[in-house]
Amino acid sequence: MIRILDARFVTTAVSPEQYPSATLPEVAFVGRSNVGKSSMINALVGRRKLVRVSKTPGRTRTINFFDVDLERDRARRSIRLADMPGFGFARVSKSERKKWEPMITTYVAQRQSLRAVVCIIDAEVGPTSTDHQALDYLTDAGRSVLVVATKVDRIGKAKRKPRLSSIAKQLNIPENRVVLFSAVEAIGVDEVWEALLDSL
Ligand code: GDP
51 MIRILDARFV
61 TTAVSPEQYP
71 SATLPEVAFV
81 GRSNVGKSSM
91 INALVGRRKL
101 VRVSKTPGRT
111 RTINFFDVDL
121 ERDRARRSIR
131 LADMPGFGFA
141 RVSKSERKKW
151 EPMITTYVAQ
161 RQSLRAVVCI
171 IDAEVGPTST
181 DHQALDYLTD
191 AGRSVLVVAT
201 KVDRIGKAKR
211 KPRLSSIAKQ
221 LNIPENRVVL
231 FSAVEAIGVD
241 EVWEALLDSL
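Residue numbers for the sequence shown, in this note's numbering: 51 to 250.
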């Protein structure tokens, strides 16, 4: 059982000197713009508006840090979440993309307190070529990755388990590194926390 005790915004950063000091184990969230990342973080911490759910996709081009205090089996822990800018959004110009995609790679390469990266994909759409690129990059960087396939509420219940298997197969990762999720129906919340806490 996971219980969230508190969740709070820490700071916004675009470059390493602006990152908060590396005092807590950190988990980063990456995904294509509009994939449902903000909704996922809000659902994980049980707060509707901790992360603003963007009206204009692709607008969040900063790294936002949040601290979460939680209790698991009566043990308290604190963990820092790093919300990365969404990538691969077509309406963002190439020059703008050049500015923020290095934000993710710099962070992933340099951040010493980073313990795991949640790579968010759309459960209905399945892994896109940008998702494959992101996963390859993270794996090559030696990072521990958890793939969370969101918006699973859009898939019929009987099709969910087969979809999980097919996503794992397409990405060539073990099935226990993929979690099905829905911010709308609060599916997968405990499973994501369990997987993340196990990898800290
Ligand atoms: P972000 O750009 O990745 O942060 O994505 P948002 O969290 O802003 O969500 C993008 C859109 O997807 C919004 O219209 C959300 O309402 C919708 N959305 C997010 N999560 C879910 C989900 O679990 N199920 C469904 N059906 N829609 C979702």
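Think of the CB as a built atom: it goes at the ideal place given N, C-alpha and C, for glycine as much as any other residue.
Of the other Cβ atoms in all chains shown, fewer than 16 fall within 10 Å of the Cβ of residue 175; this residue is therefore exposed.
Less than 8 angstroms divides the Cβ of residue 163 from the Cβ of residue 76. Rounded to whole angstroms, the gap between the alpha carbons of residue 225 and residue 214 is 7 angstroms. In the DSSP assignment, residue 191 is bridged to no other residue.
Contact between residue 113 and residue 134 holds, since their C-beta atoms are separated by about 6 angstroms, short of 8 angstroms.
One alpha carbon belongs to residue 79, the other to residue 190, and they sit about 17 angstroms apart.
At a cut-off of 7 angstroms, the beta-carbon of residue 200 counts as near the ligand GDP: some heavy atom of the ligand is closer than that.
With a 10 Å radius around the Cβ and a threshold of 16 neighbouring Cβ atoms, residue 200 comes out buried. As a beta-bridge residue in DSSP terms, residue 131 pairs with 77, 116. From the listed residues 128, 197, 204, the smallest Cα separation to residue 219 is found for 197. The continuous beta strand (DSSP E) containing residue 58 extends over residues 52 to 63. With a cutoff of 7 angstroms, residue 57 does not count as near the ligand GDP, since its C-beta is closer than that to no heavy atom of the ligand.
In this structure, residue 229 and residue 217 do not form a Cβ contact; the two beta carbons are roughly 10 angstroms apart against a cut-off of 8 angstroms.
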